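Worksheet: one structure, shown below.
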Amino acid sequence: MSKLKIVPLNFGASGQRAPHPIDCEVLRSKRKTLAIYISHKKVVVRCPMRASRTEVENFIHSNQQWIEKRLIEESMRDKEALRIGKGGKIFYRARELTIVYKEGRKQRVLIRGNQFIIQGHKLNAAKAKIQVEDYLIDKASEYLLPRAIGLAKYLGVDHKIKEIKLRKTKSKWGHCTSQGILQYNWLIMLAPYSIIDYMITHEVCHLVHMDHSKRYWNLVDSICPNAEHYIDWLKTHEHRFWF
Ligand SMILES: [Zn+2]
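The sequence shown begins at 275 in my numbering and counts up one residue at a time.
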């Protein structure tokens, strides 16, 4: 792997310039073509073993606009990422709420108007984070589990369920194995109910069809019409849910 620094790119339509030369990681392999990926604010170029430095640089410059667009998108997403703390913003059920701490012996989370109130004793960011996690896990057990089982019963496949796991995963919302283990990411409880219901449907329908075939999507559509709308919504907003 070699590292290549390139001159600051013109950072988007705003005319803003990237503050530093952008680091490009060059990964050489047996591949035949060049390709660019953006990952964690870094530009990664994959290229054939013999590609020259000029070739790589030219390739980067010819994709400059795309790189800039992606870097801007990534930095905007990063700004919107959820940080649990007093005065912070939380995107809850498609509304932006302000996080408020409330002193009290009883630990709970309350939604009042535009406030996401975390109540606890001598709260700090670490404690508040744990409380929000517990709150979402509780909500997922209350809401998601019975609905997943109910839908599986309706489809006549409840006997196939071995276990339903609630787990915070790095990037996935749900998972279903051929052994009948359903898994849901409890962060989904920050999303509107329509999105949660779509995710429930998505995994339970895999108990009928273990693929993403036409008949699978027809089944999803018969329970949750316009699934593509929910998929799009998640793609646009999911970066605001991880904390
Ligand atoms: Zn799937």
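The beta carbon of each residue, even a glycine, is placed where N, CA and C say it ideally should be.
No experiment lies behind these values; they were computed from the predicted model shown.
Rounded separation between residue i and residue j - CA only
i      : j      : result
Ala325 : His503 : 42 Å
Lys427 : Leu418 : 14 Å
Gly286 : Ser349 : Bear in mind that a pLDDT of 48 at Gly286, under 50, signals an unreliable position, so the model cannot answer this.
Asn332 : Lys444 : 35 Å
Asn500 : Trp460 : 23 Å
Lys396 : Arg386 : 21 Å
Lys376 : Lys403 : 14 Å
Asp506 : Ala368 : 14 Å
Lys509 : Phe515 : 11 Å
DSSP state of residue i mapped onto helix, strand, coil
i      : result
Leu394 : This sequence places Gly at residue 394; Leu is not what is there. Note: Gly394 maps to strand in three-state DSSP.
Arg405 : Looking at the sequence provided, one finds Gln at residue 405 rather than Arg. DSSP places Gln405 in helix when its eight states are reduced to three.
Ser349 : helix
Ser303 : strand
Pro420 : helix
Cys498 : coil
Leu461 : helix
C-beta atoms of residue i and residue j nearer than 7 Å
i      : j      : result
Arg344 : Ile312 : yes
Ala422 : Ile411 : no
Gly378 : Gln393 : yes
Gln457 : Lys436 : no
Residue i versus the options, residue with shortest Cα-Cα distance
i      : options                           : result
Met463 : Val431, Ile364 and Leu429         : Ile364
Lys277 : Arg386, Cys321 and Glu377         : Cys321
Val431 : Asn398, Leu481 and Pro420         : Leu481
Glu512 : Ala402, Val374, Trp447 and Tyr490 : Trp447
Lys315 : Ser303, Asp297 and Glu354         : Asp297
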